[in-house]
Amino acid sequence: EPEVTQTPSHQVTQMGQEVILRCVPISNHLYFYWYRQILGQKVEFLVSFYNNEISEKSEIFDDQFSVERPDGSNFTLKIRSTKLEDSAMYFCASSGLTSYNEQFFGPGTRLTVL
Amino acid sequence: SQQGEEDPQALSIQEGENATMNCSYKTSINNLQWYRQNSGRGLVHLILIRSNEREKHSGRLRVTLDTSKKSSSLLITASRAADTASYFCATAPSGNTPLVFGKGTRLSVIA
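Sequences listed follow chains A and B, in order.
Each step along the first sequence adds one to the number in the working numbering, with nothing skipped, and position 103 is 103.
Heads up, the working numbering is the position in the second sequence plus 114, with the first residue counted as 1.
Below, the structure is given as structure tokens:
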């Protein structure tokens, strides 16, 4: 069964460093999303991406964040200069071209900023 | 903004019993989805119910949706220890839009 994959599973970085989180969405899906979950809190939407551009973003997704689909399979989230409060689990999700967006999530990348 | 809010926050039951979790939201939706998350792991999609549906089944799962009350429930029948996880509802105002998640219900099934 097709699934969303994410790498790395765990990333530890120093405050101020740049990190890139990688995702491979399900191959025939067209909508891609990043969400995050701070430990013990809700899953929060960051950004959605369709047709090679951002379709929607939350107020969390400030200038420190960017997304890219560098080739036909990968979808990346870059945090330019990490802060302590960026420590969270980051989930990638994808959905197909239907009226009802059943979103399938990857296993997540746990980002720890020291 | 709309929110899915689950209730109860935590539920502890014996294996074999049924577990019911509720979700309320505030604005109109296109669909509502339920997810399971084992501790520290990813989100597993369980079921999607459309705004024009009232009930849906998948194996031991039964989901209801009452759009007049802006609420949904997830029933897990004949629970097993492996059902121990957090369960989240997530709502979408329209197709292919970001999901808004609730805080989740932590279910513990005791063998």
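Glycine included, C-beta positions come from ideal geometry on N, C-alpha and C.
Is the region 69 to 79 of chain A touching the region 175 to 190 of chain B, taking contact as three or more C-beta pairs under 8 angstroms? no
I'd like to check one pair, residue 4 of chain A with residue 23 of chain A: are the Cβ atoms closer than 8 angstroms? For this step, residue 23 of chain A is matched to residue 23 along the first sequence. For this step, residue 4 of chain A is matched to residue 4 along the first sequence. Their beta carbons are under 8 angstroms apart, which means residue 23 of chain A touches residue 4 of chain A by this criterion.
Between residue 53 of chain A and chain B, is the shortest Cβ-Cβ distance under 8 angstroms, so that the two count as touching? Working through the first sequence from its first residue, we reach residue 53 of chain A at position 53. Not closer than 8 angstroms to any Cβ of chain B, the Cβ of residue 53 of chain A fails to qualify, so no.
Between residue 88 of chain A and residue 35 of chain A, what straight-line distance do the alpha-carbon atoms span, to the nearest angstrom? Locating residue 88 of chain A in the first sequence gives position 88, where the first residue counts as 1. Locating residue 35 of chain A in the first sequence gives position 35, where the first residue counts as 1. Roughly 10 angstroms separates the two Cα atoms.
What is the DSSP secondary structure of residue 195 of chain B, counted as helix, strand or coil? Position 81 of the second sequence, counted from the first residue, corresponds to residue 195 of chain B. Residue 195 of chain B: helix per DSSP, three-state reduction.
Closest to residue 103 of chain A by C-alpha separation, out of B:120, B:157 and B:153, would be which residue? Working through the first sequence from its first residue, we reach residue 103 of chain A at position 103. When only C-alpha atoms are compared, the closest one is B:157.
Hey, is the region 118 to 129 of chain B in contact with the region 54 to 62 of chain A, meaning 3+ C-beta pairs nearer than 8 angstroms? no
Look up residue 213 of chain B in the DSSP assignment and say whether it is helix, strand or coil. What you label residue 213 of chain B is simply residue 99 of the second sequence in a count that begins at 1. Of the three classes helix, strand and coil, the one that applies to residue 213 of chain B here is coil, per DSSP.
Bridge partners - residue 141 of chain B, DSSP secondary structure assignment: As a first step, residue 141 of chain B must be located in the second sequence, where it is residue number 27. None; residue 141 of chain B has no bridge partner.
Keeping to the same chain, check which residues put their C-beta closer than 7 angstroms to that of residue 170 of chain B; ignore five residues upstream and five downstream. By one-based count along the second sequence, residue 170 of chain B stands at place 56. These residues qualify, in order along the chain: 161, 163 and 177.
Along the region 133 to 149 of chain B, where does the CB come closer than 9 angstroms to a CB of chain A? Name the residues. 144, 145, 147 and 149
Where residue 63 of chain A falls: helix, strand or coil (DSSP): Position 63 of the first sequence holds residue 63 of chain A. Reduced to three states, the DSSP call for residue 63 of chain A is coil.
Which value, in whole angstroms, describes the spacing of the CA atoms of residue 209 of chain B and residue 145 of chain B? Counted from its first residue, the second sequence places residue 209 of chain B at position 95. Counted from its first residue, the second sequence places residue 145 of chain B at position 31. Rounded to the nearest angstrom, the two C-alpha atoms are 8 angstroms apart.
Assuming residue 213 of chain B and residue 205 of chain B make a contact with CB atoms under 8 angstroms, what is their CB distance in whole Å? Counting from one through the second sequence, the residue named residue 213 of chain B turns up at place 99. Counting from one through the second sequence, the residue named residue 205 of chain B turns up at place 91. Right, their Cβ atoms sit about 7 angstroms apart.
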